[in-house]
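Reading through the structure tokens given below for one structure.
Residue numbers (the UniProt record's numbering): 1 to 308.
In structure tokens:
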């Protein structure tokens, strides 16, 4: 059970680190595609064309500096807010623009009654929420606007970086390439400039430690549970006894690991349950294998003793 709980802690820390990086890129995954187009098409024209492609659960970000124009639809991850609310589906379709600002911009917002506004040229855009992340996150300096913002209507495609994230993105690459007339690049999290090993090293080390601990548990439990004298039994009885003992030990191991896994799923932050479930299942299989090997070695040792 302790191994499963520690495994939950390890995967939780891994997911929190990964999630923090994702927030630095305004919720985009590393499957997103980035376009730097030189086309004279306007941003609204490009967005209209993208909406006709057939993407599902997608978001499109038009970014210039610290300003991002966002269109999203479907089941998507929202960004953390210290106050207010996230965009609704209706906000992206409305002709009235709204904004969400990073917490570092909060003091520069114009306040009128209970409503705050972001000044965009000569217009004041209602701010419906304040984003907040860890201290040095770029998220805190961003302002996100809906496509109804007047500056978006005048924006040229060549003046922005366009990033598209979607559930079925790979299936529509050809159609998107026709819109942008350029080959996309994959989004890569590079804020911390760390290698894969630097980012995931702690997870790998803890995972290796848990694997070793699981193997050790499979051996040590048979050391304490093994019968003291089976040399007098017949070969068939010895094997039957060993199989029964192995089945009992693996059942106990499964119950303990299941309880620890359920506790980890309930108690710790996890972006996906599958890595934890798969890893813990692997720990249990390794435990079962080591139990079997250890018991079989003991059985053969007792068999040799019976013949002497």
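Even for Gly, the Cβ is constructed at its ideal location relative to N, Cα and C. Here the structure is a predicted model, which is why all the values come from computation and not from measurement.
Distance CB(residue i)-CB(residue j) smaller than 8 Å
i: residue 186; j: residue 59; result: no
i: residue 138; j: residue 35; result: no
i: residue 125; j: residue 97; result: yes
i: residue 291; j: residue 244; result: no
i: residue 156; j: residue 42; result: yes
i: residue 50; j: residue 179; result: yes
i: residue 141; j: residue 102; result: yes
i: residue 27; j: residue 56; result: no
Status (buried if at least 16 other CB within 10 Å, exposed otherwise) for residue i
i: residue 69; result: buried
i: residue 294; result: buried
i: residue 61; result: buried
i: residue 301; result: exposed
i: residue 287; result: buried
i: residue 212; result: exposed
i: residue 168; result: exposed
i: residue 274; result: exposed
i: residue 11; result: Caution applies to residue 11, whose pLDDT of 49 falls short of 50 and renders its modelled position unreliable; the value that the coordinates give is listed next. By the neighbour-count rule (16 or more Cβ atoms within 10 Å), residue 11 is buried.
i: residue 48; result: exposed
i: residue 116; result: buried
i: residue 297; result: exposed
i: residue 25; result: buried
i: residue 110; result: exposed
i: residue 170; result: exposed
Simplified DSSP assignment, three categories, for residue i
i: residue 25; result: coil
i: residue 250; result: helix
i: residue 173; result: helix
i: residue 214; result: helix
i: residue 70; result: strand
i: residue 188; result: coil
i: residue 52; result: coil
i: residue 15; result: Annotation note: pLDDT 48 at residue 15 (below 50); position unreliable, coordinate value reported separately. Of the three classes helix, strand and coil, the one that applies to residue 15 here is helix, per DSSP.
i: residue 162; result: strand
i: residue 42; result: strand
i: residue 221; result: helix
i: residue 293; result: helix
i: residue 240; result: helix
Contact belief for residue i with residue j at Cβ below 8 Å, rounded distance in angstroms
i: residue 63; j: residue 146; result: With 8 Å as the limit, residue 63 and residue 146 do not qualify as a contact, their Cβ atoms being about 14 Å apart.
i: residue 54; j: residue 172; result: 6 Å
query = What runs of the alpha helix (DSSP H), each 4 residues or longer, lie entirely inside the UniProt domain "MacB-like periplasmic core" (51–156)?
reply = 89–93, 150–153
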